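Everything on this sheet refers to the single structure shown next.
Number of protein chains: 2
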Amino acid sequence: MPAIGTDALVQAAVRLQAACLERGLTVALGESCTGGLVAHAITQVAGSSRYFLGGVVSYADSAKMTLLRVPEELIDRHGAVSAEVAGAMASGVRRRFGADLAASITGIAGPDGGTADKSVGLTFIGLAHDRQVSTRRFEWGGDRSANIEASAAAAIEWLIESAEAVQA
Amino acid sequence: MPAIGTDALVQAAVRLQAACLERGLTVALGESCTGGLVAHAITQVAGSSRYFLGGVVSYADSAKMTLLRVPEELIDRHGAVSAEVAGAMASGVRRRFGADLAASITGIAGPDGGTADKSVGLTFIGLAHDRQVSTRRFEWGGDRSANIEASAAAAIEWLIESAEAVQA
Numbered sequence: 002m003p004a005i006g007t008d009a010l011v012q013a014a015v016r017l018q019a020a021c022l023e024r025g026l027t028v029a030l031g032e033s034c035t036g037g038l039v040a041h042a043i044t045q046v047a048g049s050s051r052y053f054l055g056g057v058v059s060y061a062d063s064a065k066m067t068l069l070r071v072p073e074e075l076i077d078r079h080g081a082v083s084a085e086v087a088g089a090m091a092s093g094v095r096r097r098f099g100a101d102l103a104a105s106i107t108g109i110a111g112p113d114g115g116t117a118d119k120s121v122g123l124t125f126i127g128l129a130h131d132r133q134v135s136t137r138r139f140e141w142g143g144d145r146s147a148n149i150e151a152s153a154a155a156a157i158e159w160l161i162e163s164a165e166a167v168q169a
Numbered sequence: 002m003p004a005i006g007t008d009a010l011v012q013a014a015v016r017l018q019a020a021c022l023e024r025g026l027t028v029a030l031g032e033s034c035t036g037g038l039v040a041h042a043i044t045q046v047a048g049s050s051r052y053f054l055g056g057v058v059s060y061a062d063s064a065k066m067t068l069l070r071v072p073e074e075l076i077d078r079h080g081a082v083s084a085e086v087a088g089a090m091a092s093g094v095r096r097r098f099g100a101d102l103a104a105s106i107t108g109i110a111g112p113d114g115g116t117a118d119k120s121v122g123l124t125f126i127g128l129a130h131d132r133q134v135s136t137r138r139f140e141w142g143g144d145r146s147a148n149i150e151a152s153a154a155a156a157i158e159w160l161i162e163s164a165e166a167v168q169a
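So the protein sequences, as listed, match chains W and Z. As numbered in the numbering used here, residues 2 to 169 make up the first sequence, in order. As numbered in the numbering used here, residues 2 to 169 make up the second sequence, in order.
Here you go:
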């Protein structure tokens, strides 16, 4: 198994940290398929405790429900890998941590877990800021590591974009 | 910044997965200084969702209190980097996720955060299993990345040791 190319992620995390500290914004994360990689990249940067409150790695559906307060019926109806659940994860984790910005990631990293409807690589990212929750849909084409990395990068880039949209 | 040497961690995670699946054990994590690296290593392995329930990256003290139910007075009295808090994090996260085994990590990765009492590299790991909670103390001597990696490796090794102690 090759080592994860965290360099680019850590460089993005440096930019996120600068954007957040400049504006006094705090960040929290709800990670499913990325399994902690986004939090890991963020906390590789010294001083990250000044804006990063923490995150939940909600691998089991039960964790999504109890820790992030994602309604069970949302998971039953749309599946854990869905825009609806990504949005609920983002707003749930934002409230849990009392953060300004929160990102969530839920997807099928592979090699298992794909279905007729939802193939390996399908990923939803959620972004909660104040009362607004947005989601984005991606279809990655890589192997497990590449899919996880691509999802992590997309989440950090969206956090940077959202932070920079806030007046400094 | 060099890429994290996750290879050894992922290899340890493969052994942890085998030990847990063989015994039907589930695992949860409460990570502070390791910031999600242990969860990331575990979820790099395909099939990890069959035993890994998830984790909390409790970077802020407030997250340790609200998500892991670590009593505030424990943090006030002993500091967030202490055996007492490591133990409370492990038992808190075990209950939160309803896991068989839970590990916690709290330490000073550096370069900032060291004090006269507690120097950079000081780390406590907690392990909760049934009603028993144990803690171990480490003093790493590396830089931030090396300290984070050493803590993550120690946590995974202790989880393996604890899983293998359970009758298969």
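Beta carbons are placed, not taken as given, at the ideal position from N, Cα and C, and that holds for glycine. Note that the coordinates shown come from a computational prediction; the quantities given were computed from them, not determined experimentally.
- With respect to chain W, the C-beta atom of PRO112/Z has a partner C-beta closer than 8 angstroms.
- A distance below 8 angstroms separates the beta carbons of ALA91/Z and SER105/Z.
- Here THR44/Z has PHE53 as same chain residues with Cβ atoms under 7 angstroms from its own Cβ, once five neighbours each way along the sequence are excluded.
- The segment 121-166 of chain W is shown to contain whole beta strand (DSSP E) runs of 3 or more residues at 123-130 and 133-140, in chain order.
- The beta-bridge partner set that DSSP reports for ALA104/Z consists of LEU30/Z and LEU128/Z.
- For GLY31/W, the closest C-alpha among the options SER49/W, PHE125/W, VAL58/W and ALA13/W is that of VAL58/W.
- When the five nearest sequence neighbours on each side are left out, the beta carbons in the same chain lying within less than 7 angstroms of the beta carbon of ALA164/W are those of LEU17, ALA20, CYS21, ARG24, LEU26 and LEU102, in order along the chain.
- Per DSSP, reduced to three states, the secondary structure at VAL71/Z is coil, with no helix or strand assignment.
- For VAL58/Z, the C-beta contacts it makes with chain W under 8 angstroms involve LEU30, GLY37, ALA40, THR44, GLY55, GLY56, VAL57 and VAL58, in order along the chain.
- Apart from the 5 residues on each side of it in sequence, TRP159/W sits with its Cβ closer than 8 angstroms to the Cβ of ALA104, ILE126, LEU128 and ARG137 in its chain, given in chain order.
- The CB of GLY122/Z never comes closer than 8 angstroms to any CB in chain W; the least such distance is about 14 angstroms.
- At a C-beta separation below 7 angstroms, ALA64/Z has these neighbours in chain W: LEU54, GLY55 and PHE98.
- The alpha-carbon of GLY56/Z is positioned some 33 angstroms away from that of ALA169/W.
- Secondary-structure assignment with DSSP links GLY55/Z through a beta bridge to SER59/W and ALA29/Z.
- For SER50/Z, the secondary structure class from DSSP, reduced to helix, strand or coil, is helix.
- The beta carbon of GLU73/Z lies closer than 6 angstroms to those of MET66 in the same chain, with the five residues before and after it left out.
- Each of VAL82/W, LEU123/W and ALA147/W was checked against the Cα of PHE139/W, and the nearest Cα belongs to LEU123/W.
- 8 angstroms or more divides the Cβ of ALA40/Z from the Cβ of GLY111/W.
- Look at ARG145/W: its C-beta is under 8 angstroms from a C-beta on chain Z.
- The alpha-carbon separation between SER33/Z and VAL94/Z amounts to approximately 12 angstroms.
- Contacts with chain W at 8 angstroms (Cβ-Cβ) include ALA47/Z.
- Within chain W, the residues TYR60, ALA61, ASP113 and GLY114 have their CB atoms less than 9 angstroms from the CB of SER50/Z, given in chain order.
- Think of a sphere of 9 angstroms around the beta carbon of LEU68/W: the chain Z residues whose beta carbon falls inside it are GLY55, VAL57, LEU68, ARG97 and PHE98, in chain order.
- If you compare the alpha carbons of LEU69/Z, VAL46/Z, ALA87/Z and GLY114/Z with that of GLY48/W, the shortest gap goes to GLY114/Z.
- Counted as a single uninterrupted DSSP element, the alpha helix (DSSP H) harbouring ILE43/Z occupies residues 38-44.
- A straight line joining the alpha-carbon of GLY88/Z with that of TRP141/Z spans about 19 angstroms.
- Note on THR116/Z: under 16 other CB atoms within 10 angstroms of its CB, so exposed under the neighbour-count rule.
- At a Cβ-Cβ threshold of 8 angstroms, ALA81/Z and ALA29/Z do not count as neighbours.
- In the DSSP assignment, VAL15/Z falls within the alpha helix (DSSP H) that extends over 7-24.
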